[in-house]
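In full-length UniProt numbering, the protein residues as written are 1 to 111.
C-beta atoms are modelled at their ideal positions from N, C-alpha and C, and glycine is treated no differently.
Structure below.
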């Protein structure tokens, strides 16, 4: 089952003083196991462009649409057997402590 894992900042990171897991090791391990299909860090929100169409008119604005302290800073596309495996993959990501990870399954549009 495929999951989009949104990597987000958080206003309340973990204050555990132990070292964070190494992101390069996390990527290598999950790539090798075939659980991570793609992923990347995103440019800062200052580089965002929001596109909407309202009443047939194109509205383009600089910056993110949402006014929030937490932002999506990256993503990973996961291929896991089930939600439990996806949660385990997310649990070991460094941003599980520094930020938050949102797992969202891909919709089955064939139904």
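Residue i - partner residues in DSSP beta bridges
i: residue 82; result: Answer by DSSP bridge pairing: none, since residue 82 is not bridged.
i: residue 153; result: Missing from the structure shown is residue 153; the chain here goes from 1 to 111 and no further.
i: residue 77; result: 4, 38
i: residue 163; result: Because the chain here runs from 1 to 111, residue 163 falls outside it and cannot be looked at.
i: residue 72; result: 8
Beta-carbon proximity check, residue i vs residue j, cutoff 9 Å
i: residue 109; j: residue 3; result: no
i: residue 95; j: residue 39; result: no
i: residue 60; j: residue 50; result: yes
i: residue 30; j: residue 89; result: yes
i: residue 1; j: residue 86; result: yes
i: residue 77; j: residue 52; result: no
i: residue 17; j: residue 97; result: no
Residue i burial status per 10 Å Cβ neighbour count (16 or more: buried)
i: residue 99; result: buried
i: residue 43; result: exposed
i: residue 24; result: exposed
i: residue 7; result: buried
i: residue 101; result: buried
Which listed residue (the options) has its alpha carbon closest to that of residue i
i: residue 84; options: 23, 8, 105; result: 105
i: residue 32; options: 69, 79, 41, 54; result: 79
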